[in-house]
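Heads up: the protein sequence lines correspond to chains A and B, in order.
Here the first sequence stands for residues 1 to 204, where the numbers follow the working numbering.
Here the second sequence stands for residues 1001 to 1464, where the numbers follow the working numbering.
Don't be surprised by glycine CBs; every beta carbon is placed ideally from N, CA and C.
To start, the structure itself, in structure tokens.
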Amino acid sequence: MSTDRETILSCVHSALAPLTQRAALPDWTTELVVMRQARGAVDAWTLFAERLRGVNGTPLTRVAELVALLEKNSWRHGYCDPVLWPQLAPSFPATFKVETVFDRTRVDDYQFGITHASAAIAETGTLALTDRDTSSRLAALAPWVHVAVMTQDKIFLDLPQALAALPADPNIVWCTGPSKTADVEGILIEGVHGPGLQVALLLG
Amino acid sequence: MATQQIDQFARTLAPDTKAAVYDGSKKGHEKRTQVLFDHLPDANWLRQIAGEIKQHVVENLDAYLPQVEAKLQANGVKVHWAATAGAANEAVLAIMRARNATRIVKAKTMVSEETELAHFLERNGIECLETDLGEFIVQIDHDHPSHIVKPIIHKNRREIATSFEKNGLGAYNDDPETITRRARQFLRGKYLAADVGLTGANFISAESGRLVLVTNEGNSRFCLAATKCHIAMVGIEKLVPHDRDLGLFLNLLARSATAQQLTVYTEFISGPKSATQPDGPDEMHVIFVDNGRTNVLASECRDILRCIRCGACLNVCPVYRQASGHAYRSVYPGPVGAVLSPLLAGERFSELADLPKASSLCGACNEVCPVNIPIPDLLLRLREKGKREGAPLAAAGTPPMGAWAVLASQPTAWKAALFGGKLINFLPTKLLPIPPLRAWEAKRTLPEWRGGNFRKWLKERPKK
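Structure representation (structure tokens):
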């Protein structure tokens, strides 16, 4: 099976053999990539919420606000992570239909999906999802609204800090606002394949 | 005078298309500059460091490739190698056949454009669907992408609405939101029915084996949430040494490509799904593709392998803006394409030998490059290669330089010409019956001839 492997590696070797000197790996400090807007931030949540709004995301701090938002748009059918639901259920009126198992044969039935976020990045307004903490990849992606439930202690100030603490998880997804495209005449449209509305709900 | 193919193509462009490409690329460039310098304290320094890191990777691929292979395998990924486009396509097909798979959804990957994977799979009875909105439109139109990041920069909404109607995606409607919703509805059914999700990789960390994917639409997420098998086709140059380097590259890529602080979705994939996760692939394959890259590595133009496919050099290029991507007759258009395409063509270099000439060498492509590739230098090296190999296209549209060469190599002839040059100041050159000169002078004025001043100075300078 490895003839192509040997071919490629031997071509790489002979291509590099004539080089008398190879480019060294430069040293650089992560300070360089921290955004101006994130320097000197006092409160991680405040910065996160501001940056999330900047990419058309929706930061919320109370379950009641979430319920009001869903009610206003008549989004009453959704999915919720079974671990989170007992905590949230008391705030949801009986008119809501919330399932705790995501059925992939009817993805369009769910108007919202509520799952855990593993972390957040303040400077970019980014939510981090993982296989370990997200109860269903599809439930966090297919419904029009995705609600990521997060806690204050999981907010990294900037990108380098979040990268330094990447968990050992096979599928880490950083979400920075709703799904979008500008393919048609450069016009911004949200909600292409993923959520058209990205909510971050701070709990605890 | 014979013109170059790229000029001929530009002349045939519809005014609509020309305007779309010009406006789209110009706007992209302006937004990039604003965001880059507004957000980052020293963006220019960043792109130089990023360039040095990638150059280091390129020049140490012999160490990094086995390292990343071992990492990937330790993470539970099956690693394949493909020396040619054909071998890469066959590898995908073999994985599909082994699973009795017949349907594949694919996210945007430039390397699969190189290998023409979708056509290959369709010929072999496999349904292969592009899921990036732009690429999907290109696919149903039997067209080609004309920009690395904005594949349908050359199309307007009316053309798209027409092809949606033709392909049974609803009655004619050219509202961009309606177009997007229809694609959303159509494609989600396709994701859920597909057996395999295919992606490329923007980066792979040699340190951790994490494969990094960025998309704005979320299509690669859907490919990896709905299917049971993930295949990633990756060019062998896509590596970065450490996870921390991604802080540099992700910041530069999003701003250079689409003027965003960060692309909406950045995925770090390091293997099949977790045991507790209900959705996603339980099998993952990475196919490392050469397809001409080791030839580029052996050439004097290996710096081009730093490229992270952001498209910034296309947006800024005065030639690309006038000619559009299809003028480059290859997968990679614009300045990067003018270097990369003829090189990747290998033995068929001569067919694209005119591309390195499609540049005024203004240097803007180098200035905007997030990995600081000296594109103008590389273009010059390729022009020389074209000349040396006697590729006819390398000389197309070039004024003959023979007379100048005779003058420049014989001192007496040179002196005579300098003297004769003075006459130009007194001649009504606009009236000379030399058509190219008259055409040139119709819009310009010849400067005053001042030849010989240096010689005069040299002769008369005070000697010690």
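Worksheet entry | Nearest to GLU1448/B (by Cα), restricted to the options ASN1366/B, THR1398/B, PRO1428/B | Numbered from 1 along the second sequence, position 448 holds the residue referred to as residue 1448/B. Nearest of ASN1366/B, THR1398/B, PRO1428/B to GLU1448/B, Cα basis: PRO1428/B.
Worksheet item: From the beta carbon of GLY113/A, is the nearest beta carbon of chain B less than 7 Å away?
Response: In the first sequence, the residue the question calls residue 113/A occupies position 113. Not closer than 7 Å to any Cβ of chain B, the Cβ of GLY113/A fails to qualify, so no.
Worksheet item: Which term fits VAL1406/B, buried or exposed, when burial requires 16 or more other beta carbons within 10 angstroms of its beta carbon?
Response: Mapped onto the second sequence, residue 1406/B falls at position 406. Under this definition VAL1406/B is an exposed residue.
Worksheet entry | C-beta atoms of HIS193/A and GLU1217/B nearer than 7 Å | Position 193 of the first sequence, counted from the first residue, corresponds to residue 193/A. Position 217 of the second sequence, counted from the first residue, corresponds to residue 1217/B. It is a contact, given that the beta carbons lie within the stated cut-off.
Discussion item. Whether or not the region 1331-1350 of chain B and the region 1083-1091 of chain B are in contact is what I'm after, with contact meaning three or more pairs of Cβ atoms, one per stretch, closer than 8 Å; do they touch?
Written reply: no
Worksheet item: Which same chain residues, not among the five before or five after ALA1020/B, have their C-beta less than 8 Å away from its C-beta?
Response: For this step, residue 1020/B is matched to residue 20 along the second sequence. Counting only Cβ-Cβ distances below 8 Å, and skipping sequence neighbours, we find ILE1153, HIS1154, LYS1155, ASN1156.
Fill in: Exposure label - LYS1108/B; buried when at least 16 CB within 10 Å
Position 108 of the second sequence, counted from the start, is the residue given in the question as residue 1108/B. Buried, by the Cβ-count rule.
Worksheet item: Quick one: what does DSSP say GLN1034/B is sitting in, helix, strand or coil?
Response: Counting from 1 along the second sequence, the entry for residue 1034/B is found at position 34. Helix.
Discussion item. So the candidates are VAL184/A, ASN73/A, ILE187/A, ALA168/A; which of them puts its Cα closest to the Cα of ASP133/A?
Written reply: Translated into positions along the first sequence, residue 133/A becomes position 133. It is ALA168/A whose Cα lies nearest to the Cα of ASP133/A.
Item to complete: Scan the region 57-138 of chain A and note each continuous alpha helix (DSSP H) run of 4 residues or more that stays entirely inside, going in chain order.
Response: 63-72, 85-88
Fill in: Those runs of the alpha helix (DSSP H) which lie wholly inside the region 1109-1171 of chain B and span at least 4 residues
1110-1115, 1117-1123, 1133-1140, 1157-1166
Fill in: Listed by chain order, chain B residues near ASP159/A by CB distance under 8 Å
Working through the first sequence from its first residue, we reach residue 159/A at position 159. Inspection of the sequence shows that residue 159/A is occupied by Leu rather than by Asp. Under the 8 Å cutoff, chain B gives GLY1247, LEU1250, ASN1251, LEU1262.
Discussion item. With a threshold of 7 Å between beta carbons, is GLY1046/B in contact with chain A?
Written reply: Walking along the second sequence from the start, residue 1046/B turns up at place 46. Note on identity: in this sequence residue 1046/B is Leu, with Gly being the wrong assignment. Yes, LEU1046/B counts as interfacial toward chain A.
Practice prompt. In the DSSP assignment, find the unbroken beta strand (DSSP E) run with HIS1230/B in it and report its ends.
Written response: Working through the second sequence from its first residue, we reach residue 1230/B at position 230. HIS1230/B -> beta strand (DSSP E) spans 1229-1235.
Fill in: Residues within the region 1195-1210 of chain B neighbouring chain A, beta-carbon criterion of under 7 Å
none
Worksheet entry | LEU84/A and ALA200/A closer than 7 Å at C-beta | Locating residue 84/A in the first sequence gives position 84, where the first residue counts as 1. Locating residue 200/A in the first sequence gives position 200, where the first residue counts as 1. No; because the gap between Cβ atoms is not below 7 Å, this pair is not in contact.
Practice prompt. Have a look at the DSSP bridge pairing and note the partners of ILE189/A.
Written response: Locating residue 189/A in the first sequence gives position 189, where the first residue counts as 1. THR181/A, per the DSSP bridge assignment.
Discussion item. Quick check: what's the CA-CA separation for VAL1057/B versus GLU1267/B?
Written reply: Residue mapping note: residue 1057/B aligns to position 57 of the second sequence, counting from 1. Residue mapping note: residue 1267/B aligns to position 267 of the second sequence, counting from 1. Looking at the two C-alpha atoms, the distance is approximately 22 Å.
Practice prompt. Helix, strand or coil for GLU1267/B, going by three-state DSSP, please let me know.
Written response: Stepping through the second sequence from its first residue, residue 1267/B is reached at position 267. GLU1267/B falls in the strand class under three-state DSSP.
Worksheet entry | Opening and closing residue of the alpha helix (DSSP H) in which GLY1390/B lies | Counting from 1 along the second sequence, the entry for residue 1390/B is found at position 390. Here GLY1390/B belongs to no alpha helix (DSSP H), and DSSP marks it neither H nor E.
Fill in: Closer than 7 Å to chain B by CB, GLU185/A
Taking the first residue of the first sequence as 1, we reach residue 185/A at position 185. At least one chain B Cβ lies under 7 Å of GLU185/A.
Worksheet item: Between the Cα of THR1178/B and the Cα atoms of LEU1133/B, LEU1213/B, ILE1434/B, which residue gives the shortest distance?
Response: For this step, residue 1178/B is matched to residue 178 along the second sequence. When only C-alpha atoms are compared, the closest one is LEU1133/B.
Discussion item. Once the 5 residues before and after TYR1172/B are set aside, which same chain residues still bring their CB inside 6 Å of it?
Written reply: Taking the second sequence and counting its residues from 1, one reaches residue 1172/B at position 172. Excluding positions up to five away in sequence, the list reads ALA1161, GLU1165.
Fill in: the region 1306-1325 of chain B in contact with the region 1094-1104 of chain B per 3-pair CB rule at 8 Å
no
Practice prompt. Starting from HIS1039/B, find everything on chain A with Cβ-Cβ shorter than 8 Å and list it in chain order.
Written response: Numbered from its first residue, the second sequence carries residue 1039/B at position 39. What HIS1039/B touches in chain A: MET35, ARG36, GLN37.
Worksheet item: Applying the criterion that 16 or more other CB atoms from any shown protein chain within 10 Å of the CB defines a buried residue, is PRO59/A buried or exposed?
Response: In the first sequence, the residue the question calls residue 59/A occupies position 59. Result: buried.
Item to complete: Could you check how far apart the C-beta atoms of ARG1032/B and ALA1312/B are, in whole angstroms? I think they sit under 8 Å.
Response: Position 32 of the second sequence, counted from the start, is the residue given in the question as residue 1032/B. Position 312 of the second sequence, counted from the start, is the residue given in the question as residue 1312/B. Contact holds; Cβ gap of about 6 Å.
Fill in: Below-7 Å beta-carbon distance, PRO82/A vs any chain B residue
Position 82 of the first sequence, counted from the start, is the residue given in the question as residue 82/A. With 7 Å as the cut-off, PRO82/A does not count as an interface residue toward chain B.
Worksheet item: If the cut is a Cβ gap below 7 Å, which residues of chain B does PRO170/A touch?
Response: Taking the first sequence and counting its residues from 1, one reaches residue 170/A at position 170. Correct list: ILE1269, SER1270, GLY1271, PRO1272, LYS1273, SER1274.
Item to complete: Could you tell me whether any Cβ in chain A is nearer than 7 Å to the Cβ of ALA1082/B?
Response: The residue you call residue 1082/B lines up with position 82 of the second sequence. At least one chain A Cβ lies under 7 Å of ALA1082/B.
Discussion item. Run through chain A and tell me which residues come within less than 7 Å of GLY1024/B, C-beta to C-beta.
Written reply: Residue mapping note: residue 1024/B aligns to position 24 of the second sequence, counting from 1. Chain A residues near GLY1024/B: GLY186.
Worksheet item: How far does the beta strand (DSSP E) with LYS1106/B in it reach, from first residue to last?
Response: Here residue 1106/B refers to the residue found at position 106 when the second sequence is read from its first residue. 1103-1106 is the span of the beta strand (DSSP E), which, as asked, contains LYS1106/B.
Worksheet item: How would you label GLY1346/B, buried or exposed, when you count the other beta carbons within 10 angstroms and need 16 or more for buried?
Response: The residue you call residue 1346/B lines up with position 346 of the second sequence. Classification for GLY1346/B: exposed.
Worksheet item: Listed in chain order, which residues of the region 1213-1244 of chain B have Cβ atoms closer than 8 Å to some Cβ of chain A?
Response: ASN1216, GLU1217, GLY1218, ASN1219, ARG1221, PHE1222, LEU1224, ALA1225, ALA1226, ILE1236, PRO1241, ASP1243, ARG1244
Worksheet item: SER1360/B: which of LEU1343/B, ALA1353/B, MET1284/B, LEU1380/B sits nearest, CA to CA?
Response: As a position in the second sequence, residue 1360/B is number 360, starting the count at 1. Among LEU1343/B, ALA1353/B, MET1284/B, LEU1380/B, the Cα nearest to that of SER1360/B is on LEU1380/B.
Fill in: According to DSSP, residues forming a beta bridge with LEU1211/B
Reading the second sequence from its first residue, position 211 is the one you call residue 1211/B. The partner list for LEU1211/B (beta bridge, DSSP) reads ILE1204/B, ILE1269/B.
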